[in-house]
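The numbers in the sequence shown follow the working numbering, run straight up by one, and end at 341.
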Amino acid sequence: MSGTSIDSVDAALVDCSAGKFQLLSVHSEAFSAPLQRGIIELCSAGPNEIERMGLVDRQLGILFVSAVERLLAAAGVQREAVTAIGSHGQTIRHRPPDSTRTAIDSFSCQIGDPNTIAENTGITTVADFRRRDIAAGGQGAPLVPLFHRASFAEAGVKRAIVNIGGMANVSTLDGSESMTGYDTGPGNILLDGWIGLHRQLKCDIDGAWAAQGRPIAAVLERLLAHPFFALPPPKSTGREDFNLHWLQELLAQLPQQAPADVQASLLELTARSISAAVIDADEVYICGGGAHNKHLVQRLQALLHPRRVDSTGALGIGPDWVEASAFAWLAQQCLQGRPGNDAGVTGAAGPRVLGAIYHA
Ligand SMILES: Nc1ncnc2c1ncn2[C@@H]1O[C@H](COP(=O)(O)OP(=O)(O)OP(=O)(O)O)[C@@H](O)[C@H]1O
Ligand SMILES: [Mg+2]
């Protein structure tokens, strides 16, 4: 799994045999600086895209192979013991149906060549999870809610699972078949971008810089005026909607602000857009890198008081490994011919088996 933050490749070894789900081992693989740059450059329009995409697709596939090899070596597990790899790949463009784009004009593109993964690991690989849902008229996202339901739901308890990655998505569960799930907007992406611009740091550790500033009401109001927030679900988003360029254009129309106050406003944007989506839940569990942002978690706790706000670690899967675990589970769904989407969540015409199989 490599998400919109493009921070690292997360690999999880899980046992999902016979109704159980157990996280056995984990590994995080770093990107080389040129590869990371190559991916970021593919996330927006530029010259010679096909050539660059072809190369990055293969290089990412090779990096995914290395992630698998190191994961298995650290766990002392032979490749013959592994049924399959589920590879989400790296999203470089996500254009789901919305008010401006019809279903036939929609697409979502993930790279990280699964042929390379299957060939070099000798393990059957399942990839390309999103495009079948898009083909069925869905958003192709979020795909984690079914896994959240399978792993975290409890009868009679209104529970929300919040993934705060580059973007944020929520699932609400009550132990029945019914559920909701959608992207709420930016998670960490703008926080990372703004601190990178002003302090040359990859992220605002613990939200410490944001905590030094104060949210600016006028900035927050403009940020929240982004049309994505007013859209009803099903909805999903990406770097196409929320990026540094958009933020800088928006700020240029307002009086000059202290950078720390802008960071505080961005953190408040993430906190408010998430809390509005989970206000009906009794318990809220957070995963994704944002679970480590102490100031963000404190703001969520304050906005959601008196609800319980905790990490998914309290439910048995550490916050850094829920997404990667979900794609292992989704690979199993594919191999067993079971749906990977919830049509109510993605807006697809119906449940669909997601993913293409690349045999060992
Ligand atoms: N200690 C920390 N303090 C603040 N932010 C953190 C901390 N640790 C991680 N993060 C944030 O988490 C981000 C990475 O989160 P994660 O890997 O869940 O996102 P992702 O790769 O975009 O995933 P996805 O899109 O699949 O949800 C980092 O870019 C950073 O912003
Ligand atoms: Mg990540």
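We put the CB at the ideal spot given by N, CA and C, even for glycine. No experiment lies behind these values; they were computed from the predicted model shown.
The alpha-carbon of G194 is positioned some 15 Å away from that of L171.
Closer than 7 Å to some heavy atom of ligand 2: that does not describe the Cβ of D185. Counting along the chain, T153 sits inside no alpha helix (DSSP H); it lies in the beta strand (DSSP E) bounded by residues M148 to L154.
Note that the C-beta distance between V326 and G70 is not below 8 Å. Under the DSSP assignment, L235 falls outside any alpha helix (DSSP H); it carries neither an H nor an E label. Here F88 is bridged, per DSSP, to R76.
Taking a cut-off of 5 Å from the heavy atoms of ligand 2, the residues with a C-beta inside it are G(-16), S(-14) and D(-12). If you check the C-beta of G118 against ligand 1, you find no heavy atom less than 7 Å away. Between G174 and the set A99, L228 and D38, the nearest pair of CA atoms involves L228.
DSSP places E158 in the coil class of the three-state scheme, outside both helix and strand. Going by C-alpha positions, A330 is about 32 Å away from L296. Taken atom to atom, the span from the alpha-carbon of R39 to that of V107 is near 16 Å.
For L212, no beta strand (DSSP E) segment is defined, and its DSSP state is neither H nor E. Counting C-beta pairs with one atom in each stretch, the segment 77 to 94 and the segment 128 to 137 have fewer than three that are closer than 8 Å, which means they do not touch. Of the heavy atoms belonging to ligand 1, at least one sits nearer than 7 Å to the Cβ of G269. Under the three-state reduction of DSSP output, I43 falls in the helix class. V143: member of the beta strand (DSSP E) spanning R140 to I145, first to last residue.
Using a cutoff of 7 Å, the CB of D173 counts as near ligand 1, since one of the ligand's heavy atoms is closer than that. Counting along the chain, G67 sits inside the beta strand (DSSP E) bounded by residues I66 to S68. In the structure shown, T102 falls within a helical segment according to DSSP collapsed to helix, strand and coil. At a cut-off of 3 residues, not a single continuous stretch assigned as beta strand (DSSP E) sits fully inside the segment 168 to 208. Burial of S152 is indicated by the presence of at least 16 other C-beta atoms within 10 angstroms of its C-beta.
Here I260 carries a coil assignment [DSSP, helix/strand/coil]. Remark: the C-beta of N144 is in contact range of ligand 1, defined as less than 7 Å to any heavy atom. With contacts defined by Cβ atoms closer than 8 Å, A141 and G166 do not form a contacting pair. Taking every protein chain shown into account, the CB of S13 has fewer than 16 other CB atoms within 10 angstroms, so this residue is exposed. Less than 8 Å divides the Cβ of A189 from the Cβ of H276.
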